[in-house]
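**Q** One structure coming up, written as structure tokens, with questions to follow.
Protein chains: 2
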Amino acid sequence: MKDIARRAGVSESAVSFALNGRPGVSEATRARVRRVAEQLGWRPSTAARALSGEGAATVGFVLARPAHTLGVDSFFLQLVSGIQEVLAERHLGLLFQVAEDVADECAVYRRWWAEHRVDGVLVADPRAADPRPELLDELGLPAVVIGGAPDVRHPGLSTVWADDAGAMASVVDELTALGHRRIVHIAGLPDLAHTRRRIATLRAEAERRGLGEVRSVTTDYSDTEGAAVTRRVLGGSPPPTALIYDNDVMAVAGVAAAADLGFCVPQDVSVVSWEDSALCRMVTPRLSALSRDSAAFGRTAARELLALLDGAPARSVGVPVPRLTGRGSTGRAAPAGGRRVRE
Amino acid sequence: MKDIARRAGVSESAVSFALNGRPGVSEATRARVRRVAEQLGWRPSTAARALSGEGAATVGFVLARPAHTLGVDSFFLQLVSGIQEVLAERHLGLLFQVAEDVADECAVYRRWWAEHRVDGVLVADPRAADPRPELLDELGLPAVVIGGAPDVRHPGLSTVWADDAGAMASVVDELTALGHRRIVHIAGLPDLAHTRRRIATLRAEAERRGLGEVRSVTTDYSDTEGAAVTRRVLGGSPPPTALIYDNDVMAVAGVAAAADLGFCVPQDVSVVSWEDSALCRMVTPRLSALSRDSAAFGRTAARELLALLDGAPARSVGVPVPRLTGRGSTGRAAPAGGRRVRE
DNA sequence: TCTTGACACTCAAGCGCTTTAGCGAGCACC
DNA sequence: GGTGCTCGCTAAAGCGCTTGAGTGTCAAGA
Chain R
9 MKDIARRAGV SESAVSFALN GRPGVSEATR ARVRRVAEQL GWRPSTAARA LSGEGAATVG
69 FVLARPAHTL GVDSFFLQLV SGIQEVLAER HLGLLFQVAE DVADECAVYR RWWAEHRVDG
129 VLVADPRAAD PRPELLDELG LPAVVIGGAP DVRHPGLSTV WADDAGAMAS VVDELTALGH
189 RRIVHIAGLP DLAHTRRRIA TLRAEAERRG LGEVRSVTTD YSDTEGAAVT RRVLGGSPPP
249 TALIYDNDVM AVAGVAAAAD LGFCVPQDVS VVSWEDSALC RMVTPRLSAL SRDSAAFGRT
309 AARELLALLD GAPARSVGVP VPRLTGRGST GRAAPAGGRR VRE
Chain Y
9 MKDIARRAGV SESAVSFALN GRPGVSEATR ARVRRVAEQL GWRPSTAARA LSGEGAATVG
69 FVLARPAHTL GVDSFFLQLV SGIQEVLAER HLGLLFQVAE DVADECAVYR RWWAEHRVDG
129 VLVADPRAAD PRPELLDELG LPAVVIGGAP DVRHPGLSTV WADDAGAMAS VVDELTALGH
189 RRIVHIAGLP DLAHTRRRIA TLRAEAERRG LGEVRSVTTD YSDTEGAAVT RRVLGGSPPP
249 TALIYDNDVM AVAGVAAAAD LGFCVPQDVS VVSWEDSALC RMVTPRLSAL SRDSAAFGRT
309 AARELLALLD GAPARSVGVP VPRLTGRGST GRAAPAGGRR VRE
């Protein structure tokens with residue numbers, strides 16, 4: 009920068025003004041400085057910038073999930089790639105960290121805050137009794153909660169949310185229209201806010217419609233638990249005629265487990281996956297799934313965070329309701345007692 | 009820090025010495041300073057540290073892959089989580105970026121370098137005629153190439169490599185022992201170095217054994233291409249009796265495609281997936297797969313980078329040869345002409 | 001002619017830390 | 001008793017940038 013100042017024949021401050029688009033230099037000088045800077049391939053040192061109060065030009069993202077459920081999910085990489093896309097436009101960096109659990113995640117936020125490492129954070133997987141909004145509010149760290157319900161208690165946080173309730177209602181609509189009355193929802197982690205929302209909505213919808221045998225079972229999202237729960241519920245009497253899985257991995261594992269028990273999909277039991285991916289298109293039958301655009305979700309979240317960093321007030325925005333892509337795994341409910349069971 | 013100095017009754021420099029374990033203060037003072045710092049919940053500002061020449065305490069990782077192949081692969085999230093694990097021990101941050109292509113990736117390195125944003129980088133997916141080692145050498149940015157062959161031309165870069173050649177040889181061993189002589193390798197992106205290594209090894213092994221009909225077909229790793237190629241090669245006459253897929257996604261898609269054509273796995277055709285994951289265990293039959301520990305791969309790479317940052321000389325380390333986990337998708341080769349084809 | 005003010009720019013302080021040079025005290029040694 | 005050394009510490013500069021206060025110039029207005 010000193011070099012630029014020297015070569016352009018002005019002071020360092022002038023260079024700073026010129027390069028940051030601030031008033032205080034003539035257009036001629038600005039252009040000259042810009043040219044010299046370009047020639048020299050100059051880029052501001054983020055460290056120096058951060059030190060003089062400009063912020064770290066970095067956004068943080070912590071993922072707190074058990075390690076074994078990490079790789080399975082296609083959702084997060086898509087999400088991150090969407091986030092990236094928006095951040096890259098402004099040359100903001102994404103600091104990524106994997107944490108053990110929420111407590112660990114909070115520690116990371118504290119550290120980042122103390123070290124002035126990030127200007128804001130994206131919070132994933134909001135939970136029941138989540139300590140994170142509280143903490144971030146306290147630290148004054150701008151944050152966007154991804155997938156959370158609008159949270160009136162923490163007006164400082166923005167929220168980007170998918171309408172799980174609406175989506176669940178539409179799935180139940182679809183299934184009841186096909187004659188299903190015994191539905192089991194193989195849900196995800198019980199602590200997650202969206203898991204609770206889905207469960208609550210399912211129960212409400214079932215009551216509204218007078219459906220008797222409808223329930224949710226929580227899992228850890230793994231194929232193992234998905235298969236185990238499937239075996240368990242299909243062993244009940246009478247077994248459900250429709251299964252809703254909270255992710256694609258469990259849905260696929262569930263179909264395999266069902267097949268092992270002699271249940272045909274969709275003749276004996278219909279299956280819906282709450283997550284669309286290549287997986288759903290690779291198995292036989294292809295799975296009917298709720299498609300959402302995870303990358304777009306990430307983009308929206310990142311944009312909200314940028315707005316927050318620009319000083320805009322926090323707000324809550326929704327992303328489109330995921331829609332059900334019907335494929336071969338959903339069909340009319342089997343008439344009561346008509347299911348085939350392997351002897 | 010000023011506060012600490014005041015409360016501990018020493019100068020700021022003494023605090024710096026004490027906290028960084030440098031000589032120049034008595035043990036008594038050091039302990040006192042440490043205590044006060046802890047009390048105050050002090051953490052050094054990364055920005056200030058970086059500015060005074062300590063480095064950014066951050067490692068960069070760029071992923072340059074077509075967006076649609078991103079979410080599918082379980083490999084990367086596992087890898088990153090392994091990397092993280094090691095970096096976290098030293099409180100190093102991981103700056104993550106998704107790039108369009110290698111040129112874009114190079115631009116990111118240049119920017120990071122100019123902005124002093126990272127102390128080193130991890131380079132994934134080494135390619136044939138890869139410009140990145142050259143660039144990183146030129147910039148003097150410490151780097152570890154993940155999955156690259158040891159590169160003698162760039163002695164500044166460390167390399168962490170998996171023995172693809174050995175693994176391929178063992179797979180061919182296994183298949184020929186089962187009587188397979190017509191093998192098709194559905195490979196990944198043709199530019200990737202490890203794709204080339206696998207292809208070359210397969211050819212060499214085939215020649216060594218006098219196997220006639222052995223070839224590799226490159227793809228973009230997607231389920232779509234995996235299925236398409238499978239259909240194409242199984243339509244040949246005579247069709248191969250064994251298929252080796254370079255990732256799990258294609259293998260699963262391939263099995264489905266084979267089933268569509270009336271080929272039974274493993275009676276008509278054996279399938280091996282070069283990537284083990286929940287996916288391989290979810291389909292019927294369960295897929296025989298090469299298992300490697302991606303997280304451990306990431307940990308090793310991160311450790312190598314740390315060593316580099318500590319001033320150790322660059323070196324090349326191997327990770328264990330992935331071993332073939334036999335499951336239901338491999339069996340004896342069908343006798344020539346004995347395959348069933350749907351009429 | 002003198003004031004006023006806008007404008008283009010410079011000066012210098014300061015962000016929070018590291019680090020080199022230096023200083024005084026205490027000690028050993030000849 | 002002086003010299004030379006080590007030890008524990010302080011003072012101050014500097015990393016690269018931003019920024020508020022200040023300076024000089026020129027043109028318009030009184």
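For the protein sequence lines, the chains are R and Y, in the order given. Residues in the first sequence are numbered consecutively from 9, following our numbering. Residues in the second sequence are numbered consecutively from 9, following our numbering. Virtual Cβ for every residue (Gly too), placed ideally from N, Cα, C. Bear in mind the structure is a predicted one, so any value in this text is a computation, not a measurement.
Put Y:G90 into one of helix, strand or coil per three-state DSSP.
**A** It is helical.
**Q** Could you check if R:V160 is buried or exposed, using at least 16 other CB atoms within 10 Å of its CB as the buried criterion?
**A** Label assigned to R:V160: exposed.
**Q** Compute the Euclidean distance between the alpha carbons of R:R98 and R:G319, then round it to the nearest angstrom.
**A** Answer to the nearest angstrom: the Cα atoms are 16 Å apart.
**Q** Pull up the distance between the alpha-carbon of Y:F271 and that of Y:R217, whole angstroms please.
**A** Each residue's alpha carbon lies about 26 Å from the other.
**Q** Would R:G61 be called buried (16 or more neighbouring beta carbons within 10 Å of its own) or exposed?
**A** It counts as exposed.
**Q** Would you mind working out which of R:M258, R:S34, R:V41 sits nearest R:D11, comparing C-alpha positions?
**A** If we check each option's Cα against that of R:D11, R:V41 comes out closest.
**Q** Comparing the CB of R:G90 with every heavy atom of the ligand FAD, is any distance shorter than 7 Å?
**A** Looking for the ligand FAD in the displayed structure turns up nothing, as the structure carries no ligands at all.
**Q** On the CB-based measure, 16 or more other CB atoms within 10 Å of its CB, does R:Q86 come out buried or exposed?
**A** So R:Q86 counts as buried.
**Q** According to the Cβ coordinates, are R:G101 and R:A65 closer than 8 Å?
**A** Going by C-beta atoms, R:G101 is nearer than 8 Å to R:A65.
**Q** So the candidates are Y:F104, Y:Q275, Y:Q47; which of them puts its Cα closest to the Cα of R:V70?
**A** Considering only alpha carbons, the answer is Y:F104.
**Q** Any contact between the stretch 134–142 of chain R and the stretch 114–130 of chain Y? By contact I mean 3 or more CB pairs, one from each, below 8 Å.
**A** Counting Cβ pairs under 8 Å, fewer than three are found: no touch.
**Q** In angstroms with no decimal places, state the Cα-to-Cα distance between Y:R190 and R:L210.
**A** Approximately 52 Å, taken between the alpha carbons.
**Q** Name, going along the chain, the residues of the stretch 216–250 of chain Y whose beta-carbon falls closer than 7 Å to a beta-carbon of chain R.
**A** Cβ contacts with chain R: D231.
**Q** Using 8 Å as the limit for Cβ to Cβ distance, is Y:P6 near chain R?
**A** Because chain Y in this structure spans residues 9 to 351, residue 6 of chain Y falls outside the shown range and cannot be described.
**Q** Using a Cβ-Cβ cutoff of 9 Å, what residues of the stretch 279–292 of chain R are near chain Y? List them in chain order.
**A** Under the 9 Å Cβ criterion, the stretch 279–292 of chain R contributes S285, A286, L287, R289, M290, V291, T292.
**Q** Does the Cβ of R:D284 have 16 or more other Cβ atoms within 10 Å, making it buried, or fewer, making it exposed?
**A** Its Cβ being crowded by 16 or more others within 10 Å, R:D284 is buried.
**Q** For chain R, is any of its Cβ atoms less than 8 Å away from the one on Y:G270?
**A** Cβ-Cβ to chain R under 8 Å: no for Y:G270.
**Q** From the DSSP output, read off the bridge partner residues of Y:W169.
**A** The partner list for Y:W169 (beta bridge, DSSP) reads Y:G326.
**Q** Counting C-beta neighbours from all protein chains within 10 Å, is the total for Y:L242 16 or more, i.e. buried, or is it exposed?
**A** Buried, because 16 or more other Cβ atoms sit within 10 Å of the Cβ of Y:L242.
**Q** Residues of chain R with CB closer than 7 Å to the CB of Y:V257, please, in chain order.
**A** Those within 7 Å of Y:V257 in chain R are A286.
**Q** Is the number of C-beta pairs between the stretch 250–269 of chain R and the stretch 191–207 of chain R that are closer than 8 Å three or more?
**A** Taking 8 Å as the limit for Cβ pairs, the verdict is that the stretch 191–207 of chain R does touch the stretch 250–269 of chain R.
**Q** For the structure I just gave you, are there three or more beta carbon pairs, one from the stretch 263–281 of chain R and one from the stretch 155–171 of chain R, closer than 8 Å?
**A** No: fewer than three Cβ pairs fall under 8 Å.
**Q** Would you verify that the beta carbon of Y:S24 is, or is not, closer than 8 Å to some beta carbon of chain R?
**A** No, Y:S24 does not count as interfacial toward chain R.
**Q** In the DSSP assignment, find the alpha helix (DSSP H) that holds Y:Y117 and state where it starts and stops.
**A** Start and end: 110–122.
**Q** Run through DSSP, which three-state label would Y:G262 get?
**A** Residue state, collapsed to three classes: helix.
**Q** Threshold first: 3 residues or longer. Then list the beta strand (DSSP E) segments lying entirely within the stretch 266–315 of chain R, N to C.
**A** Within the stretch 266–315 of chain R, the complete beta strand (DSSP E) runs of at least 3 residues are 278–281, 296–299.
**Q** Can you find the residues in the same chain that come closer than 7 Å, C-beta to C-beta, to Y:A175, ignoring five residues on each side of it along the sequence?
**A** So the list reads L298, V329, P330, once near-sequence residues are dropped.
**Q** Answer yes or no: does any C-beta atom of chain Y fall closer than 8 Å to that of R:G336?
**A** No, its Cβ sits nowhere closer than 8 Å to a Cβ of chain Y.
**Q** Would you give the residue range spanned by the alpha helix (DSSP H) that R:G234 belongs to?
**A** It spans 231–242 - the alpha helix (DSSP H) in which R:G234 sits, taken as one unbroken run.
**Q** Starting from the Cα of Y:I154, find the closest Cα among Y:A341, Y:V327, Y:T238, Y:S21 and give me that residue.
**A** Of the listed residues, the one whose Cα sits closest to Y:I154 is Y:V327.
**Q** Using the Cα positions of Y:A173 and Y:T203, report the straight-line distance between them to the nearest angstrom.
**A** Going by the C-alpha atoms only, they are around 10 Å apart.
**Q** Please state whether DSSP places Y:R57 in a helix, a strand or coil.
**A** Reduced to three states, the DSSP call for Y:R57 is helix.
**Q** Hey, how far is the Cα of R:V94 from the Cα of R:L314?
**A** Cα-Cα distance, rounded: 9 Å.
**Q** Taking Cβ to Cβ, would you say R:H124 is nearer than 8 Å to Y:T54?
**A** Yes, Cβ-Cβ distance for R:H124 and Y:T54 is below 8 Å.
**Q** What residue range does the alpha helix (DSSP H) around Y:H202 cover?
**A** Taken as a continuous stretch (DSSP letters only), the alpha helix (DSSP H) holding Y:H202 covers 201–217.
**Q** Just grab the DSSP bridge partners of R:S224 for me.
**A** Its beta-bridge partners are R:H193.
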